[in-house]
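In what follows, a structure is listed as structure tokens, so that the remarks can point back to it.
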Amino acid sequence: MERLKVNLCGIDMDNPIIPASGTFGYGYEFAELYDINILGTFSFKGTTKDPRFGNPTPRIAECSSGMINAVGLQNPGVEKVIDEELPRLAKCFDKKVMANVSGFSVEDYAYTCEKLDKCDQVGWLEVNVSCPNVHGGGMSFGTSPEAAAEVTRAVKKVTTKPVLIKLSPNVTDIVSIAKACEEAGANGISLINTLLGMRIDLRRRQPIIANKMGGFSGSAIFPVAVRMVYQVAGAVKIPVVGMGGVSSAEDVIEMMLAGATAVEVGAANLVDPYICRDIIEKLPETMDKYGIKTLNEIIGGAH
Amino acid sequence: MKQTIFEIKENIKIAKNVFRMTLAGDTEGIIPGQFVNIKLDGYYLRRPISVCDVPEDGTLVIIYKVVGKGTELMSSMTEGSLDVLTQLGNGYDLTRSGDKPLLIGGGVGVPPLYMLAKKLVEQGKKVSVILGFNTKDEIFYEDEFKALGADVSVATADGSYGVKGFVTNAMEGMDFSYFYTCGPEPMLRAICKATDVSGELSFEERMGCGFGACMGCSCKTLTGYKRICKDGPVMRKEEIIWNA
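Protein sequence lines correspond, in order, to chains A and B.
The first sequence begins at 17 in this note's numbering and counts up by one.
The second sequence begins at 81 in this note's numbering and counts up by one.
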């Protein structure tokens with residue numbers, strides 16, 4: 017449908033809906049449920065240079081209108097993703113996928129991105145400098161403008177495809193970090209990753225999650241996400257992908273009004289596996305309700 | 081996996097803090113050892129509950145213990161509909177049972193063994209069952225297993241009913257071809273130690289999605305990393321790595 021189309025960093029998308037990394041695996045659990053080609057694209061499970069098991073369990077805690085996870089980037093490593101996951105994905109997904117990459121050093125990020133950049137199936141690289149669940153990497157790169165810019169430069173040097181830097185909300189001034197990434201050559205910014213959170217079990221008097229803290233996501237964080245997308249979109253010229261607590265067609269429109277060119281849906285996939293399909297189906301009638309002809313025309317409309 | 085809206089037909093207390101809910105809806109394809117994941121109003125994550133039975137009338141029977149606010153809310157429901165994901169998990173492998181399978185359940189680990197026992201009896205297997213509970217007023221389903229024609233023993237930790245002690249005490253001297261079990265992890269570990277016979281065990285973990293997407297319930301096994309919700313919850317004794 018023409019009116020849902022957007023263009024993200026030079027690539028046309030049928031609609032702006034993108035299941036977020038870590039909530040959609042490498043696609044095929046959901047491909048068993050519905051034709052995932054109806055999606056704009058999806059961002060695959062955060063991939064690192066080497067295979068990772070991740071953190072000990074429990075990794076999950078429930079919250080009011082949300083959840084905390086401390087998975088810790090469990091993934092088979094970039095070689096296996098290229099040799100096994102992508103060929104398997106090719107059987108059920110014809111579109112360009114968003115490759116989500118994490119690392120523990122600037123060299124890690126560059127290495128993994130360079131490998132994935134060479135894959136035809138990959139359309140965008142989403143560089144996660146914001147994982148709150150690993151030590152000595154992830155979020156530590158996304159909490160200072162200098163470190164985020166350094167990762168951006170290193171990745172841009174060895175890649176040809178659009179690079180989006182995925183930012184952490186756990187910072188004092190997200191705008192300065194987004195601007196530093198833009199200046200370092202990023203083609204887009206995606207935000208927000210999860211908010212650092214914690215729950216304590218009253219019976220055991222100990223944190224529920226083995227890693228003590230984790231990333232808080234779900235509809236509870238939506239207002240924080242809208243605010244940060246609005247701030248960043250108002251400060252940079254490159255496209256912004258908005259995410260954080262999105263779970264309805266109305267939320268998608270709100271994110272786009274805040275300045276998002278495309279919108280990722282995260283935790284909601286885990287609770288309602290058909291949510292992205294349902295949002296895409298409901299978008300036209302929701303747009304009618306608010307007098308919106310095309311989604312493209314409302315991007316940043318609230319500024 | 082299948083998403084289905086079920087109607088609550090019955091929800092009754094069957095033991096201390098333990099309830100049985102009967103739901104009407106699409107139950108096709110559900111096999112013993114699988115679980116369902118139930119959406120509750122006001123709670124973000126679904127509640128994973130093992131399948132106790134799919135009787136001839138096609139309803140879904142689940143037995144759950146009230147352990148928190150979510151299950152407390154469930155226990156108060158008498159009518160209405162529930163959004164349920166079904167056919168989750170791998171289930172037990174009935175082909176490995178041999179002629180004399182032993183089924184061992186501990187507490188709310190008992191329910192998934194009921195449908196398994198029923199299927200094994202239908203296949204003409206000589207089924208023995210050991211049910212373990214802390215105390216007499218927590219016991220449920222002894223008569224239901226007996227009605228299937230299984231040889232049933234009950235163990236209580238405080239000795240208030242049946243064999244005094246743990247399920248492993250009741251296992252002493254028993255002759256069986258294979259075992260199937262579900263219950264608290266210390267019990268699973270004790271069973272593996274107590275016998276050289278092969279078997280399979282159903283595990284529990286805090287889950288995010290319940291269908292293999294979030295990697296929230298991963299564990300290490302001798303056959304690789306596994307997701308308890310998708311690659312399990314049933315694992316073979318030979319592949320388990322017991323944490324120290």
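Glycine residues also receive a C-beta, built at the ideal position from the N, C-alpha and C atoms.
One or two residues paired with residue i in a DSSP bridge
i      : result
A/N116 : A/E142
A/R68  : A/N91
B/A235 : B/G212 and B/V243
B/Y305 : B/K300
A/G231 : A/N85 and A/L212
A/I27  : A/L24
A/E130 : DSSP output for A/E130 lists no bridge partner at all.
B/Y144 : B/F99
B/D133 : B/V141
B/L162 : B/F86
B/N91  : B/M101
A/L207 : A/G258
Per-residue burial, residue i [other beta carbons within 10 Å of its own, 16 or more giving buried]
i      : result
A/R221 : exposed
A/G260 : buried
A/L218 : exposed
A/M17  : exposed
A/P103 : exposed
B/L302 : exposed
A/S80  : exposed
A/D110 : exposed
B/E25  : Nothing about residue 25 of chain B can be reported from this structure: the residues present for chain B run from 81 to 324 only.
B/V147 : exposed
A/W140 : buried
B/T158 : exposed
A/N149 : buried
B/S298 : buried
A/E95  : exposed
A/N23  : exposed
A/N203 : buried
Proximal chain A residues relative to residue i, where beta-carbon distance stays under 8 Å
i      : result
B/R286 : T73, P74, R75, I76, A77 and I224
B/T309 : First, the residue type needs correcting, since residue 309 of chain B is Cys and not Thr in the sequence shown. Ordered by position in chain A, no residue passes the 8 Å Cβ test against B/C309, which lies about 10 Å from the chain.
B/K244 : Near B/K244 there are no residues of chain A at all, since even the closest Cβ is about 27 Å away, more than 8 Å.
B/Q114 : None at all; the shortest Cβ gap to chain A is about 15 Å.
B/K300 : F69
B/Y305 : F69 and Q90
Contacts of residue i in chain B (Cβ-Cβ under 7 Å)
i     : result
A/T39 : A293 and C294
A/L49 : M81
Partner residues on chain A for residue i, Cβ-Cβ distance less than 9 Å
i      : result
B/L120 : Ordered by position in chain A, no residue passes the 9 Å Cβ test against B/L120, which lies about 11 Å from the chain.
Candidates the options: closest to residue i by CA position
i      : options                           : result
A/R75  : B/Y144, B/A274, B/I85 and B/I308  : B/I308
B/K180 : B/E224, B/A230 and B/T139         : B/A230
A/G62  : A/K112, A/C25 and A/V145          : A/V145
B/T139 : B/W322, B/E218, B/D173 and B/M101 : B/M101
B/I88  : B/L120, B/K145, B/Y260 and B/G160 : B/G160
B/M295 : A/I52, A/G26 and A/N71            : A/N71
A/P161 : A/S192, A/K228 and A/F40          : A/S192
B/T175 : B/G186, B/V164 and B/L196         : B/L196
A/R19  : A/V252, A/I27 and A/P32           : A/P32
B/T151 : B/L183, B/G169 and B/N97          : B/N97
A/M214 : A/N85, A/I181 and A/D99           : A/N85
A/G230 : A/E142, A/F58, A/G88 and A/L55    : A/G88
A/E123 : A/K65, A/G258 and A/C108          : A/K65
A/D30  : A/I315, A/A278, A/V252 and A/G316 : A/A278
A/V143 : A/L211, A/D189 and A/A36          : A/A36
B/L165 : B/P192, B/L200, B/G186 and B/K119 : B/K119
B/A227 : B/V207, B/A235, B/D217 and B/F246 : B/V207
B/A235 : B/V209, B/D255 and B/E224         : B/V209
A/L212 : A/I34, A/D28, A/I181 and A/G82    : A/G82
Proximal chain B residues relative to residue i, where beta-carbon distance stays under 9 Å
i      : result
A/N85  : G288, C294, M295 and G296
A/Y290 : Q83
A/E45  : M81, C289, F291, G292, A293 and K310
Per-residue contacts from residue i into chain A (C-beta, under 7 Å)
i      : result
B/P124 : It is worth fixing the name first, because residue 124 of chain B is Tyr in this sequence and not Pro. Under the 7 Å cutoff, chain A gives E78, C79, S81, G82, M83, G234 and V287.
Cutoff 9 Å: residue i Cβ touching any chain D Cβ
i      : result
B/L281 : Looking for chain D here will not work: the only protein chains present are A and B.
At least three beta-carbon pairs within less than 8 Å, the region 204 to 214 of chain B to the region 289 to 297 of chain B:
Inter-segment contact for the region 204 to 214 of chain B and the region 289 to 297 of chain B is absent: fewer than three beta-carbon pairs are separated by less than 8 Å.
Could you check whether the region 109 to 118 of chain B touches the region 309 to 317 of chain A, counting it as contact only if at least three pairs of C-beta atoms, one from each stretch, sit closer than 8 Å?
Segments in contact, no.
Below 8 Å, how does it come out for the region 174 to 181 of chain A and the region 240 to 247 of chain A: are there three or more Cβ pairs, yes or no?
Flag = no, the region 174 to 181 of chain A and the region 240 to 247 of chain A do not touch.
Is the region 262 to 275 of chain A touching the region 291 to 303 of chain A, taking contact as three or more C-beta pairs under 8 Å?
The region 262 to 275 of chain A is in contact with the region 291 to 303 of chain A.
Does the region 143 to 157 of chain B touch the region 124 to 131 of chain B, meaning 3 or more C-beta pairs lie closer than 8 Å?
Touching, yes, given that three or more Cβ pairs across the two stretches are closer than 8 Å.
With a cut-off of 8 Å, do at least 3 Cβ pairs link the region 195 to 204 of chain A to the region 33 to 53 of chain A?
The region 195 to 204 of chain A is not in contact with the region 33 to 53 of chain A.
Say whether the region 270 to 277 of chain B touches the region 45 to 65 of chain A, bearing in mind that this needs 3 or more beta-carbon pairs closer than 8 Å, one atom from each stretch.
In the pairwise beta carbon analysis, the region 270 to 277 of chain B is classified as not touching the region 45 to 65 of chain A: fewer than three pairs are separated by under 8 Å.
Tell me whether the region 257 to 269 of chain B and the region 238 to 245 of chain B touch, counting them as touching only if at least three CB pairs, one residue from each stretch, are closer than 8 Å.
Output reads no: the region 238 to 245 of chain B does not touch the region 257 to 269 of chain B.
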